[in-house]
Every structure is written in structure tokens, then in C-alpha cells.
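A short worksheet on the structure shown next.
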Amino acid sequence: MNEPSARRPLKVRDVKLVNTFARYLSGKNITPNQISVTSVFFALLAAACFLLFAHYSYWWLLILAGLMIQCRLLCNLFDGMVAVEGGKSTKSGELFNDIPDRVADPLILVSAGYAIHVVSYGGELGWCTGLFAVLTAYIRTLNASIGAPVDFKGPMAKQHRMAVLTIACVITALEVVFRQSDYTLLIALIVIVAGCVITCIRRTISAYRFLEA
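Start counting the sequence shown at 1; every next residue gets the next number (the numbering used here).
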């Protein structure tokens with residue numbers, strides 16, 4: 001990531017502890033691109049937790065999945081901070097900023113669909129969720145490539161999707177313990193799909209209005 005104007009607006013960047021850790025990483029022999037790729041590793045771990053839950057239904061696997069999702073988001077946060085604030089941006093930074101995310105999102109969302117037990121179409125819902133998650137990012141990058149402003153608006157941008165899913169993991173873990181069901185995870189994916197559809201429409205309309213103005 002090279003241009004601050006192309007960054008996702010995040011208030012957490014202003015947190016002192018976050019800035020301190022970003023400076024620590026910047027001082028080490030670690031590149032932003034390496035941090036970006038590491039996010040896929042955490043996405044794989046989250047996916048593994050969901051798929052194991054599909055077979056064994058251990059509640060703690062959902063907690064672990066939520067933790068791995070947040071670790072993935074931390075990678076997404078620190079790669080940009082090390083690149084921009086740390087002055088370690090590279091010419092290939094945009095590739096590493098975007099491609100790992102396009103892999104990580106479907107890994108997490110599709111596997112979450114397969115973790116659903118209460119309906120028979122959980123896998124299909126997961127694939128649908130992953131598809132629309134990628135589509136929101138595609139529309140954002142397409143808009144930028146044709147001259148429209150970079151648009152990170154929601155209601156279901158990446159951080160929103162992962163927040164909904166992380167909260168769902170915690171609630172579903174409790175649901176498994178007390179009710180032996182996982183309706184919360186089902187509802188979360190439906191909410192994410194609906195939110196992604198709205199996000200795609202909003203971003204498309206914004207680009208259209210800008211280009212036609």
C-alpha cells in the first residue's frame with residue numbers, strides 16, 4: 001500500500017498501543033508484504049477451525065476461529081501502517097495488499113458456511129457469502145481503475161463482515177453449549193450476504209454518479 005488516500009479509514013490507527021506496535025514492527029526486518037501474506041495463514045487457521053467444528057462441534061473451535069479472524073484483521077492493519085507510517089512501502093505493495101484479502105475472505109466465509117449444522121444448505125450459503133465478499137472488493141478496485149474515488153463504504157465492508165462473523169462465533173459457541181444449535185452462525189452469514197449486496201449497489205451507484213457528473 002503506497003498512497004494514504006487509498007487506505008481504508010480506520011480509527012484504530014490512532015490508538016497509542018497500535019502505533020507503538022506498528023513502530024516496533026517497522027524497526028524489525030519485516031516487510032509489509034510479508035505481513036499481508038501472513039493474513040492468509042490466519043485465514044487458513046480460521047477455516048480449519050470452522051471445518052473441524054463441522055465434524056466435532058466443539059464450542060471452543062468457534063472461539064479459536066474468531067480469534068484467528070481478528071489476527072487476520074491485525075495483519076491487514078499493520079501491513080498498511082508499516083508501509084505508510086513506517087516508510088517501508090514497495091512498488092508491488094498494492095498486489096500484496098489486495099490479493100491475500102481476496103483469498104482470505106472466501107476461505108473464512110465459505111468454511112463458516114460448512115460449519116452450520118441447523119440447515120442443509122450451509123455450504124451453499126458460505127459460497128454465496130464468499131462470492132459477494134469478493135464482489136464488493138472487485139467493484140471497489142474497478143471503480144478506482146476507471147477514475148472514480150476509492151470507495152470503502154459499507155454497510156458490509158471487510159471490517160464489518162469480519163466483525164459480524166467474530167461476534168457470531170462467540171454467540172454460537174454459547175449457543176452450542178446451552179442449546180446444541182448454531183442458528184446464530186446461519187443468521188450472521190445471511191446478514192453478511194444481504195449487507196454485501198447493499199454494499200455492491202452503493203459503491204456502484206457512487207461510481208456512476210461520479211463518472212457521469
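From the three backbone atoms N, C-alpha and C, an ideal C-beta is built for every residue, glycine too.
Query: The segment 30 to 50 / the segment 73 to 82 touching (three or more Cβ pairs under 8 Å); Result: yes
Query: Cβ-Cβ separation, Phe50 to Tyr114 (assumed contact under 8 Å), whole Å; Result: 7 Å
Query: Nearest residue (CA-CA) to Ala133, options Pro106, Leu142 and Ala148; Result: Pro106
Query: Where Pro9 sits in the DSSP three-state scheme; Result: coil
Query: Whole-angstrom C-beta distance between Trp59 and Val164, which should lie under 8 Å; Result: That pair is no contact at about 19 Å.
Query: C-beta atoms of Ala65 and Leu189 nearer than 9 Å; Result: no
Query: Proximity to Tyr208 [Cα-Cα], best of Val150, Lys88 and Gly123; Result: Val150
Query: Assigned secondary structure, Pro100 (DSSP; H/G/I helix, E/B strand, else coil); Result: helix
Query: The segment 86 to 93 contacting the segment 152 to 163, beta-carbon criterion three pairs below 8 Å; Result: no
Query: Buried/exposed call for Phe178, threshold 16 Cβ in 10 Å; Result: exposed
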